[in-house]
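Worksheet for the structure shown next.
2 protein chains.
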Amino acid sequence: MSTRTTLKDVAREAGVHISTASRALNPSTASIVNPETVERVTDAARKLGYRPHPLARGLRTNRTMSVGVIIPDVENPLFGPIIAGVESVLVEEDYSVLIGNADRGPSHADSLVEDMLEKHVDGLILATPGRNVSEAAQAAQAEVSVVLVNRSVDDDSIPAIVGDDHQGIGLAVRHLRELGHERIGHVAGPSWVSTGDGRRKAFLDWMKTVGLKSDADLVEEAEWYQVEPGTTAAVTLLSRHPDLTAIVAANDLLGLGCYRAVHSLGKDIGVDVSITGYNDMPLLDLMQPPMTSVRVPYRRMGADAASTLLALMAGEVVSPGRVLLSPTLAIRASTGPPPNDRH
Amino acid sequence: MSTRTTLKDVAREAGVHISTASRALNPSTASIVNPETVERVTDAARKLGYRPHPLARGLRTNRTMSVGVIIPDVENPLFGPIIAGVESVLVEEDYSVLIGNADRGPSHADSLVEDMLEKHVDGLILATPGRNVSEAAQAAQAEVSVVLVNRSVDDDSIPAIVGDDHQGIGLAVRHLRELGHERIGHVAGPSWVSTGDGRRKAFLDWMKTVGLKSDADLVEEAEWYQVEPGTTAAVTLLSRHPDLTAIVAANDLLGLGCYRAVHSLGKDIGVDVSITGYNDMPLLDLMQPPMTSVRVPYRRMGADAASTLLALMAGEVVSPGRVLLSPTLAIRASTGPPPNDRH
DNA sequence: CGTGAACCCGCAATCGTTTGTATTATCGGG
DNA sequence: CCCGATAATACAAACGATTGCGGGTTCACG
């Protein structure tokens, strides 16, 4: 139960005043103290195993050296990489990351933002969707730097790092088009979620671009980003358009739902009907068949968010409202040429 | 850029001394101040939007109200639930959780422990495996409370919450035995990882218990907890014992590796050869066929770890060295009666 | 009416740093 | 030889809360 060694101890050991010790240890002020003294202090500090007290320092400098990260659901594998990305860049700058798990709904996220502000974090990274959260974010912005990740607000008033959904859907549609598909459908996510809405629009856009008819009829909305809703959406979509040879799913889980729908019709995935997912979550390559999916650089997303947050906290003016990260396409066996194309 | 409202402001607003305001706001000391004054102070605090400064408080009380959680790999879906469990109980007590991602190897974990100590966390939850980490943990224990999760040290000198691997393997073996299997093999994890070693022993134990021959010959060790090593291990195991009707895998990924091995022999999973996994990770129910797996209550594990840490930090004497959490068995289509059993 | 208990409340020290200002020592130039 | 500039260090005031201690009221009781 030895009491921690404080700056006072170091100063006494080095035979200098506490303030001199402080300056000697601080790189930015070490220049104004005699080099020889600096060395003496440094030695003393090392010898005593001195570690500055972050609270005392933070109290004086008015910074906690911590940033909060609020995640809608920590158990969702999607957010692991984001957290890892954030952590990897912040840890380099000696910041600590506080994680908040908003798994009890959007209002929970609000109170978590509040909690974080009470803890006096220096910055905030939000990954929570939902309309009211943006209000909380706006409010928070008055006190600390805020960056959104995998999520943006309509007016771009808050810096956001997001995947380029338009481009991503484009990858999927063009891939299918190049394989020869002409009748492509879309199982969309809920329209009240920004990604659901955005990807639906992107799909219709790209259909036109690749020279296919772009009909709202070709889209069926799933109630929620889960397997079951995906299946029911795919079933109604396929009953409306039995001639579809490919489906672009707004999400991997929806894609897996499509798997079931196609199976229940006695058809083969990647042969009779091609399917693409979105997110390229882990294990997707182990499915039967392995699923073609749009891969979003989530880790990078977290890292970029952390970087812009650092810039923001440093008082730099961060340029645009929204940064789009380019996705890639992981091509696997769930997509192939349409059946009437093969000889 | 308005300066934050401090206790002094509240005191002035309420017309009392700062110390009185402090006591009034603090539930444990509010009793010694006039109820009417308490109300006046509380009102003033609310009116001004006062939020106590955690750093100032912590500096005085010598507690940061934060605990560190060190995870070997945040991107591994396994740890999501653990984090969620930890967070859910700690957030109730107004603690914040700092997460550390030791994805750059065991030595990285050491330095993270060091980092956490520098940040003066009140407690530490470690989920990192490896021999040298236990040393770091021992050292850390000198300064703060430490609890291990999903991991334990040999001498139980540090409280640990772990899954009951012996019982878990027992569930798998007994399930297979009850289905009628008599020739059961085991694809083990690396023996230098505690779970690898423990589950192997448990397997041999239970084979004896259910009245089958328990031969080290029936075990093949995979190099690492991944799909590929699982496949190669399963291949050599099946070539040594072509008559096996079931395989207990030490891990879900190894189980998926077994899938491939069995497929490559032209046999059917759950029909010719039954396979069980371990951990019941997400999406396992969507595999072809869905995999029977031992489900470990990871979220509960995190929650329990947090609870015992709270007890520890409160100075209570926590009873045993190791708490075992009972697993359950998620039975799916990868296990069925052995082929010669069916008529 | 005096006195002591009970009750509130204010005073001031303290936690470990950082940082503006004062003080001392050093040195060169007139 | 003295004076002003300069360098190096010491002093002390913050930062915002908690808390032991003591001073002041109020009130009951003798």
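Protein sequences, first through last, are from chains A and G.
Numbering follows my numbering, in which position 262 of the first sequence is assigned residue number 265; successive positions increment by one, without gaps.
Numbering follows my numbering, in which position 161 of the second sequence is assigned residue number 164; successive positions increment by one, without gaps.
Every residue gets a Cβ at the ideal spot worked out from N, C-alpha and C, and that includes glycine.
**Prompt:** Of all the options A:Pro245, A:Tyr281, A:Gly233, which has the alpha carbon lying nearest to the alpha carbon of tyrosine 262 (chain A)?
**Reply:** A:Gly233
**Request:** Give the range of the beta strand (DSSP E) segment to which glycine 233 (chain G) is assigned.
**Result:** Where glycine 233 (chain G) is concerned, there is no enclosing beta strand (DSSP E), although the alpha helix (DSSP H) it sits in stretches over 230–243.
**Item:** First and last residue of the uninterrupted alpha helix (DSSP H) at arginine 154 (chain A)
**Value:** No alpha helix (DSSP H) holds arginine 154 (chain A); DSSP gives it neither H nor E.
**Item:** Selection from G:Thr32, G:Asp97, G:Ala27, G:Pro84 that minimises the alpha carbon distance to threonine 40 (chain G)
**Value:** G:Ala27
**Separation of serine 31 (chain A) from alanine 317 (chain A), as counted between CA atoms** = 16 angstroms
**Prompt:** Looking at C-alpha atoms only, which residue of G:Arg107, G:Leu151, G:Val251, G:Ala309 is the closest neighbour of isoleucine 278 (chain G)?
**Reply:** G:Val251
**Item:** Range of the contiguous alpha helix (DSSP H) that encloses serine 114 (chain A)
**Value:** It spans 109–121 - the alpha helix (DSSP H) in which serine 114 (chain A) sits, taken as one unbroken run.
**Item:** Short CB-CB distance (under 7 angstroms) between alanine 272 (chain G) and chain A
**Value:** It is worth fixing the name first, because residue 272 (chain G) is isoleucine in this sequence and not alanine. No, isoleucine 272 (chain G) lies away from the interface with chain A (no Cβ there is under 7 angstroms from its Cβ).
**For asparagine 343 (chain A), three-class secondary structure by DSSP** = Helix.
**Item:** Limits of the alpha helix (DSSP H) - the one that glutamate 181 (chain G) falls within
**Value:** 168–182
**Prompt:** How long is the line joining the alpha carbons of valine 124 (chain G) and glycine 324 (chain A), rounded to whole angstroms?
**Reply:** If I take the Cα positions, the gap works out to 35 angstroms.
**Message:** Rounding to the nearest angstrom, what Cα-Cα distance links leucine 241 (chain A) and histidine 266 (chain A) in this structure?
**Reply:** 12 angstroms
**Message:** Please identify, using Cβ separations under 7 angstroms, the residues of the stretch 102–115 of chain A that lie next to chain G, in order along the chain.
**Reply:** Ile102, Asn104, Asp106
**Request:** Can you give me the Cβ contacts of valine 321 (chain G) inside the same chain, cut-off strictly under 7 angstroms, excluding the 5 residues immediately before and after it?
**Result:** Pro162, Thr311, Ala314, Leu315
**Request:** Measure from the C-beta of glutamate 117 (chain G) to each C-beta in chain A and report whether the shortest distance is under 7 angstroms.
**Result:** no
**Prompt:** Would you report the Cα separation of threonine 131 (chain A) and isoleucine 74 (chain A), rounded to the nearest angstrom?
**Reply:** If you take the alpha carbons of threonine 131 (chain A) and isoleucine 74 (chain A), they lie about 6 angstroms apart.
**Prompt:** Can you tell which of A:Asp307, A:Gly258, A:Glu231 has its C-alpha closest to the C-alpha of serine 337 (chain A)?
**Reply:** A:Gly258
**Asked** Going by other Cβ atoms of all chains shown within 10 Å of its Cβ, with 16 needed for buried, is proline 341 (chain G) buried or exposed?
**Response** buried
**Item:** Closer than 7 angstroms to chain G by CB, lysine 122 (chain A)
**Value:** Closer than 7 angstroms to some Cβ of chain G, the Cβ of lysine 122 (chain A) qualifies, so yes.
**Item:** chain G contacts from the stretch 324–340 of chain A (Cβ-Cβ distance under 9 angstroms)
**Value:** none
**Item:** According to DSSP, residues forming a beta bridge with glycine 71 (chain A)
**Value:** A:Leu101, A:Leu127
**Item:** Distance between aspartate 12 (chain G) and alanine 191 (chain A) (C-alpha atoms, nearest Å)
**Value:** 53 angstroms
**Item:** Local Cβ density within 10 Å of lysine 122 (chain A), reported as buried at 16 or more and exposed below that
**Value:** buried
**Request:** Determine the burial state of serine 155 (chain G): buried for a count of at least 16 other Cβ atoms within 10 Å of its Cβ, exposed for fewer.
**Result:** buried
**Prompt:** If we call anything under 7 angstroms between Cβ atoms a contact, is leucine 287 (chain G) one with methionine 294 (chain G)?
**Reply:** yes
**Asked** So, is the C-beta of leucine 58 (chain G) closer than 7 angstroms to a C-beta in chain A?
**Response** yes
**Prompt:** If you draw a straight line from the alpha carbon of histidine 201 (chain A) to that of glycine 280 (chain A), how long is it in whole angstroms?
**Reply:** The residue asked about is misnamed: residue 201 (chain A) is glycine in this sequence, not histidine. Cα to Cα, glycine 201 (chain A) sits roughly 15 angstroms from glycine 280 (chain A).
**Request:** Below 7 angstroms CB to CB, which residues in the same chain sit around alanine 17 (chain G) once its five sequence neighbours on both sides are set aside?
**Result:** Ala24, Arg43, Val44, Ala47
**Asked** Of all the options A:Val297, A:Val276, A:Gly273, A:Pro292, which has the alpha carbon lying nearest to the alpha carbon of alanine 284 (chain A)?
**Response** Inspection of the sequence shows that residue 284 (chain A) is occupied by methionine rather than by alanine. Among A:Val297, A:Val276, A:Gly273, A:Pro292, the Cα nearest to that of methionine 284 (chain A) is on A:Val297.
**Proximity test, Cβ basis, 7 angstroms: valine 190 (chain A) and chain G** = no
**Request:** State yes or no: is the beta carbon of glutamate 95 (chain A) nearer than 7 angstroms to at least one beta carbon in chain G?
**Result:** no
**Asked** Helix, strand or coil: which one does DSSP assign to isoleucine 334 (chain G)?
**Response** coil
**Message:** At the level of alpha carbons, what is the spacing between isoleucine 172 (chain A) and threonine 331 (chain A)?
**Reply:** 10 angstroms
**Item:** Same chain only: Cβ atoms within 6 angstroms of alanine 236 (chain A), ignoring 5 sequence neighbours per side
**Value:** Val190, Glu223, Ala225
**Asked** Under the three-state reduction of DSSP, which class applies to methionine 4 (chain G): helix, strand or coil?
**Response** Confidence is the limiting factor: at methionine 4 (chain G) the pLDDT is only 44, short of 50, which leaves the residue's position unreliable and the question unanswerable from this model.
**Asked** Quick one: what's got a C-beta closer than 6 angstroms to valine 116 (chain A)'s C-beta in the same chain, skipping five residues either side?
**Response** Ala139, Ala143
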